[in-house]
Amino acid sequence: MNPAPKITLTIASAAVFFGCWMLLIPVRQLPVYLPPAVIPAQQKGPVFDAHWVSNNETNEAHSASIAITDGKPVVVWYGGTEEGHRDVAIFSSSFDGKWSSPRVIADRNSTEQALGRYIRKVGNPNLYSWPDGRLGLYYVSVSIGGWAASSINYMESFDQGIQWTSPIRLVSSPFLNISTLVRTEGLPLSDGGVQLPVYHEFLGKFSETLTLSSDLTVMDKVRISRGKHSLQPAITNLDESSAIGLLRYSGDPPGRVLSVLSKDAGAHWSNPVRTELPNPNSAVSIINPGNGYLLLALNDLEDGRHRLSLAMGSANEWTIVKVLEEETATNLDHEYEFSYPSMTIGPDGFIHLVYTWNQKRIKHLRFNREWLELP
Numbered sequence: 175m176n177p178a179p180k181i182t183l184t185i186a187s188a189a190v191f192f193g194c195w196m197l198l199i200p201v202r203q204l205p206v207y208l209p210p211a212v213i214p215a216q217q218k219g220p221v222f223d224a225h226w227v228s229n230n231e232t233n234e235a236h237s238a239s240i241a242i243t244d245g246k247p248v249v250v251w252y253g254g255t256e257e258g259h260r261d262v263a264i265f266s267s268s269f270d271g272k273w274s275s276p277r278v279i280a281d282r283n284s285t286e287q288a289l290g291r292y293i294r295k296v297g298n299p300n301l302y303s304w305p306d307g308r309l310g311l312y313y314v315s316v317s318i319g320g321w322a323a324s325s326i327n328y329m330e331s332f333d334q335g336i337q338w339t340s341p342i343r344l345v346s347s348p349f350l351n352i353s354t355l356v357r358t359e360g361l362p363l364s365d366g367g368v369q370l371p372v373y374h375e376f377l378g379k380f381s382e383t384l385t386l387s388s389d390l391t392v393m394d395k396v397r398i399s400r401g402k403h404s405l406q407p408a409i410t411n412l413d414e415s416s417a418i419g420l421l422r423y424s425g426d427p428p429g430r431v432l433s434v435l436s437k438d439a440g441a442h443w444s445n446p447v448r449t450e451l452p453n454p455n456s457a458v459s460i461i462n463p464g465n466g467y468l469l470l471a472l473n474d475l476e477d478g479r480h481r482l483s484l485a486m487g488s489a490n491e492w493t494i495v496k497v498l499e500e501e502t503a504t505n506l507d508h509e510y511e512f513s514y515p516s517m518t519i520g521p522d523g524f525i526h527l528v529y530t531w532n533q534k535r536i537k538h539l540r541f542n543r544e545w546l547e548l549p
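If you read the sequence shown in our numbering, its first letter stands for residue 175, the second for the next number, and so on.
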């Protein structure tokens, strides 16, 4: 029997199913970003300090995310024997003069019990501070296969990260609800919702955004890129309607950070273009301090993650202004890694940055604009 009719029927059925699912997404006006807060110069002189958030509690610590809630920094990350291991858990710590002892807030067992489904592994925690004071936590879980089969789960805290609700599973795809991953921070919207950068690794690697209402209803889903080489989008808005996204690049050399732009609050995105910034297939983090420049944390290398730097600039032009970590020794029995940065700005104007330190610990830096402007 000719297989062509069966293939045609399968494709048509999938198209109808997807179209029906899209009709279930509520129709609303285009989202609008909250304008970036203008952080005035503090006139306190340059300030820079560093702290360890984790201290070798686990063999591996990775993929940290930071948020400010009620003026208090909170950090989450995953730790365990190694990435993808059954013993990996989501850890949390908060800062009040010093970092609190890390504690487990989610793992495969607690996620499995709450969702009523088998969970093989968890990873990629990501914090979001809601305008109404809630602290949200997104993280991924996998039941079968690798990270390409991930789903996004969500928990929230009403007391600055001390206690957390049981996780729920977000429905982000009509096809088995898999292959949606989260890594970078969301953007607040004027209606109280959030635009969450996500990415896919199943049958390709590409970036999207999920627009969620304050009650976590999926209001919209927009493709940022296509193909097999762009993931983990880091997005910040320039004003109420314009935004820039910088993407991790996993394709053929030379490795460069990819850039996209939106002029309608994320409803549409330009085609990705290569910047001049090197990228060794590694995550980046971007913020808009609201003072006429953007700040980017990245591994500015084509190979390896042994240097972590800060770049200042605009959508089209960037300048490396600080090298935060660098290991140049070549006779070591292992490779150093300073990677997966996550940045945010506190109400006092201080910039907070956390990142993976050699896959073993999570490090926190705090600095101000005056320090950035030092030669």
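Every residue, glycine too, gets a C-beta built ideally from N, C-alpha and C.
- For Ala-211, same chain residues with a beta-carbon under 7 angstroms away, outside a window of 5 residues either side, are Gly-464 in chain order.
- Around the beta carbon of Trp-338, 16 or more other beta carbons lie within 10 angstroms, which makes this residue buried.
- By a beta-carbon distance limit of 8 angstroms, Pro-341 does not contact Ser-381. Their separation comes to about 24 angstroms.
- As summarised for the segment 267-300, the continuous alpha helix (DSSP H) elements at least 4 residues long and confined to that stretch are 282-289, given in chain order.
- Closest in C-alpha terms to Tyr-207, from the list Gly-487, Gly-440, Val-431 and Thr-518, comes Gly-440.
- Assigned with DSSP and collapsed to three states, Leu-344 falls in coil, not helix or strand.
- Setting aside the 5 residues that flank it on each side, Ala-288 is surrounded in the same chain by Ser-340 and Pro-341, each with a C-beta closer than 6 angstroms to its C-beta; the list follows chain order.
- Here Asn-473 really is in contact with Ser-456; their C-beta atoms are around 5 angstroms apart, less than 8 angstroms.
- When rounded, the separation of the alpha-carbon atoms in Ser-513 and Ala-471 is 9 angstroms.
- Taking a cut-off of 8 angstroms for Cβ pairs, the segment 224-238 and the segment 422-442 do not touch, as fewer than three such pairs fall below it.
- Spanning the alpha carbons of Trp-304 and Ala-503 requires a straight line of approximately 43 angstroms.
- When the beta-carbon positions are compared, Leu-301 and Ser-239 come within less than 8 angstroms of each other.
- Secondary structure of Leu-546 (DSSP, three-state): helix.
- The beta carbon of Glu-476 sits closer than 8 angstroms to those of Pro-427, Pro-428, Gly-429, Pro-452, Asn-453 and Pro-454, all from its chain and outside the five residues before and after it, given in chain order.
- Per DSSP, Lys-496 is one residue of the beta strand (DSSP E) stretching across 492-500.
- Counted as a single uninterrupted DSSP element, the beta strand (DSSP E) harbouring Val-528 occupies residues 525-531.
- Judged by beta-carbon spacing, Ile-213 lies beyond the 8 angstroms limit of Thr-518, meaning their Cβ atoms are not closer than that value.
- Contact annotation: His-480 and Glu-450 have beta-carbon atoms that are not nearer than 8 angstroms.
- By the Cβ rule, the segment 250-266 counts as touching the segment 278-296, because three or more pairs are nearer than 8 angstroms.
- Rounded to the nearest angstrom, the gap between the Cα atoms of Pro-362 and Leu-384 is 12 angstroms.
- Between the C-alpha atoms of Trp-321 and Ser-444 there is a straight-line separation of about 27 angstroms.
- In the same chain as Arg-535, and ignoring 5 residues on each side of it, the C-beta atoms closer than 8 angstroms to its own belong to Trp-226, Val-227, Ser-228, Asn-229, Asn-230 and Ala-235, in chain order.
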